[in-house]
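To start, the structure under review is shown below, and the notes come after it.
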Amino acid sequence: MDTKLNLKGRKLRIASLKSFPFQDVRKTDDYHYTGEGFSFEIVKQLSQHFNFTYDIVVPDDLDFGVLINGTRWTGLIGMLLNNKADMVASPLSITQERQNAVTFSSSLYKDSLGLMFTRPKTQHNNEALLAPFTNTVWISVAVIAVAMCLVLYTLIYSSKCLLSKKVRRPFMKDTWTLNDCAWFVYSSLMKQGFNKTTDFNPVRILMAAWWITCLLLGAFYTANLTAFMTTETSVTDRSIEELIRSGRKWIFRKGTAFSDYLFKESIAEHENDFSLLKKSFMRGNGMMIDSDDEVIDFIKKGYAYIQEMNVLNYMIFENSMETNGSCAFNAINLHFFEHTTAFAFPKGSRYASPFSEYIEFLRKTGLVQKWMQQYLLSADVEI
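The numbering used here numbers the first residue of the sequence shown as -14 and each following residue consecutively.
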């Protein structure tokens, strides 16, 4: 680790922007900003160790860095290239295009993209008894029950008439009415006993078949009801393909590595998922937003939010705290666009190597992990 570099109070320009939960950048007056959070814990350690002060500069477009037409960079990376900043204090996703433009520090942590959306509403108790079967199944059961009642009565009545012509004794031990047939069909569905019987084999076979049908139907109903009452409503969008197939609208933040990669003309890595998202965006299902401040309103309207899992987990925690533990959102890890993050410097910067070595020292001593847990509320961050 380089301990010889002493900047002797030199003032550096630190490029950053507001991006929860990594850093909160606020304007103190017309020309100055103050920064707090995970990123600025690292900046403060660098400042103390290398003896420098700093001013925070913010890009006008509030982008992290997007390559326009293959020639011009926006956002934080653009500030480095245009000599408006000496360093970027914000975890930037490392991509090949960005590596060609700037120098990255040692890695801070690894992340991947996930989905965040509203949690499915819990069904009321009066809906629970009907939930195991669809409306079509319930209607089919009702129709079959009525048909069974009529068929059973018709068969019994026909059998009685035919048998009475051949033998003098009545065919039935007791006379069956239409009401008796209806009661038999109903009691079978409810798994109740019935006190009448018959001597005619075709009727017995029909009654046995109906009993077996009712037993199977009851078994399926009980199993589905148990699953419904003990399991949360399943999440359908567990991959990019399922998200697109469901037709759900989705949003993402502009100026990120994900947005930059999404609009590339040639897509190599993750080609299938990115091409699906790009086609969905062209159809109007995708929407780009300017900041995270708009996210919650869009999610409440039914949109899905594509963002890094560390950000989504933080948003879930914040919402749980605001609602006393009853979070209204779900987040799932798509294990998609997995990447490493780091600070950035201009190519050839004299600060890149010593600062990077010191950041690696902070990571190995566990301070980076500590700040991740403190500000991102994540205890299992892969660094």
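Just so you know, even glycine gets a beta-carbon here, dropped at the ideal spot from N, CA and C.
| task | Starting from G20, follow the alpha helix (DSSP H) in both directions and report where the run begins and ends. | result | As a first step, residue 20 is located in the sequence shown; it is residue number 35 there, counting from the start. Run containing G20: none in the alpha helix (DSSP H); it sits in the beta strand (DSSP E), Y18 to E21.
| request: Use the C-beta contact count for W195: other C-beta atoms within 10 angstroms, 16 or more gives buried, fewer gives exposed. | output: Reading the sequence shown from its first residue, position 210 is the one you call residue 195. The residue is buried, with at least 16 neighbouring Cβ atoms inside 10 Å.
| Short Cβ contact (8 Å threshold) for G63 with P44 | Mapped onto the sequence shown, residue 63 falls at position 78. Mapped onto the sequence shown, residue 44 falls at position 59. Against a cut-off of 8 Å, the Cβ pair of P44 and G63 comes out as a contact.
| request: Compare the C-alpha of L393 against each of T13, F89 and F321 and name the closest. | output: Shown here, the chain extends from -14 to 368; a query on residue 393 therefore has no answer.
| Taking the continuous beta strand (DSSP E) assigned at A242, which residues delimit it? | Working through the sequence shown from its first residue, we reach residue 242 at position 257. Element bounds for A242: not the beta strand (DSSP E) but the alpha helix (DSSP H), A242 to L247.
| said: Distance check for N257 and N68, CA to CA, integer angstroms please. | reply: Residue mapping note: residue 68 aligns to position 83 of the sequence shown, counting from 1. Residue mapping note: residue 257 aligns to position 272 of the sequence shown, counting from 1. Whole-angstrom Cα-Cα distance: 37 Å.
| Spatial distance of F37 from K(-11) (CA atoms) | Position 52 of the sequence shown, counted from the start, is the residue given in the question as residue 37. Position 4 of the sequence shown, counted from the start, is the residue given in the question as residue -11. Straight-line Cα distance between these residues: approximately 14 Å.
| Three-state secondary structure (DSSP) of V42 | Walking along the sequence shown from the start, residue 42 turns up at place 57. The answer is strand: DSSP assigns V42 an E or B state.
| Nearest to E173 by alpha carbon, out of L191, D184 and H17? | Residue mapping note: residue 173 aligns to position 188 of the sequence shown, counting from 1. The sequence given here has Ser at residue 173, not Glu. Of L191, D184 and H17, the residue nearest in Cα terms is L191.
| message | Checking the sheet assignment: what are the DSSP bridge partners for E293? | response | Residue numbering aside, residue 293 sits at position 308 when the sequence shown is read from its first letter. E293 is bridged to L98.
| Does DSSP put D275 in a helix, in a strand, or in coil? | Stepping through the sequence shown from its first residue, residue 275 is reached at position 290. D275: coil per DSSP, three-state reduction.
| Out of curiosity, what's the CA-to-CA distance linking F321 and G240? | Within the sequence shown, residue 321 is the residue found at index 336, counting from 1. Within the sequence shown, residue 240 is the residue found at index 255, counting from 1. Distance between the alpha carbons of F321 and G240: 18 Å.
| What is the DSSP secondary structure of L163, reduced to helix, strand or coil? | The count along the sequence shown starts at 1 and reaches residue 163 at position 178. Three-state result, L163: helix.
| task | Using 10 angstroms around the beta-carbon of E26, count the other beta-carbons present and answer buried if the total reaches 16, otherwise exposed. | result | By one-based count along the sequence shown, residue 26 stands at place 41. Looking at its Cβ environment, which holds 16 or more other Cβ atoms inside 10 Å, E26 is buried.
| task | Could you please give the first and the last residue of the uninterrupted alpha helix (DSSP H) stretch that includes K285? | result | Residue mapping note: residue 285 aligns to position 300 of the sequence shown, counting from 1. Taken as a continuous stretch (DSSP letters only), the alpha helix (DSSP H) holding K285 covers V280 to K285.
| message | Which residue wins for smallest C-alpha separation from E82, given the options G50, S92, L65 and D96? | response | As a working mapping, residue 82 is identified with position 97 in the sequence shown. Checked all of G50, S92, L65 and D96; the closest Cα to E82 is G50.
| request: Measure the alpha-carbon distance for S219 versus R189 and round it to whole angstroms. | output: Locating residue 219 in the sequence shown gives position 234, where the first residue counts as 1. Locating residue 189 in the sequence shown gives position 204, where the first residue counts as 1. Summary for S219: the model assigns pLDDT 47, below 50, so the residue's position carries little reliability, and this model does not support an answer.
| DSSP three-state assignment for R(-5), whether helix, strand or coil | Position 10 of the sequence shown holds residue -5. Here R(-5) sits in strand by DSSP.
| task | Report, in whole angstroms, the separation of the C-beta atoms of M294 and K234, which I expect to be a contact under 8 Å. | result | Reading the sequence shown from its first residue, position 309 is the one you call residue 294. Reading the sequence shown from its first residue, position 249 is the one you call residue 234. About 21 Å separates the two Cβ atoms, so there is no contact after all.
| task | Determine the contact status of L93 and A327, defining contact as a CB-CB distance below 8 Å. | result | For the purposes of this step, residue 93 is taken as residue 108 along the sequence shown, with counting starting at 1. For the purposes of this step, residue 327 is taken as residue 342 along the sequence shown, with counting starting at 1. In contact: L93 and A327 (Cβ atoms closer than 8 Å).
| R238 burial status per 10 Å Cβ neighbour count (16 or more: buried) | Within the sequence shown, residue 238 is the residue found at index 253, counting from 1. With 16 or more Cβ atoms within 10 Å of its Cβ, R238 is classed as buried.
| message | Does R372 come out as helix, strand or coil in the three-state DSSP assignment? | response | Nothing about residue 372 can be read from this structure; the chain reaches only from -14 to 368.
| said: On the criterion of 16 or more Cβ atoms from any shown chain inside 10 Å, does C199 qualify as buried, or is it exposed? | reply: In the sequence shown, counting from the first residue as 1, residue 199 sits at position 214. Buried, since its Cβ has 16 or more Cβ neighbours within 10 Å.
| said: Less than 8 Å between C-beta atoms, sequence neighbours within five positions excluded: which residues of the same chain meet that for G(-6)? | reply: For the purposes of this step, residue -6 is taken as residue 9 along the sequence shown, with counting starting at 1. Here the set comprises N36, F37 and T38.
| said: Assuming contact is defined by CB atoms lying nearer than 8 Å, are Y299 and P6 in contact in what I supplied? | reply: By 1-based counting over the sequence shown, the position of residue 299 is 314. By 1-based counting over the sequence shown, the position of residue 6 is 21. Result yes, Cβ atoms of Y299 and P6 sit closer than 8 Å.
| message | Please tell me whether I284 and F102 are closer than 8 Å, where the distance is taken between their beta carbons. | response | For the purposes of this step, residue 284 is taken as residue 299 along the sequence shown, with counting starting at 1. For the purposes of this step, residue 102 is taken as residue 117 along the sequence shown, with counting starting at 1. Their beta carbons are under 8 Å apart, which means I284 touches F102 by this criterion.
| query | By a C-beta neighbour count over all protein chains shown, 10 Å radius and 16 as the cutoff for buried, is A386 buried or exposed? | reply | Look at the range of the chain in this structure, -14 to 368, and you will see that residue 386 is not part of it.
| task | Within the region 177 to 239, note down every full alpha helix (DSSP H) run reaching 4 residues or more, in order along the chain. | result | 186 to 215 and 225 to 231
| task | Name the residue from F205, L140, V136 and T325 whose alpha carbon lies nearest to the alpha carbon of D184. | result | Residue 184 sits at position 199 when you count from the first residue of the sequence shown. Residue L140 is the option with its Cα nearest to D184.
| said: Taking the beta carbon of G371 as the centre, do at least 16 other beta carbons fall within 10 Å, making it buried, or is it exposed? | reply: Residue 371 lies beyond the stretch modelled for the chain, which goes from -14 to 368, so this question has no answer here.
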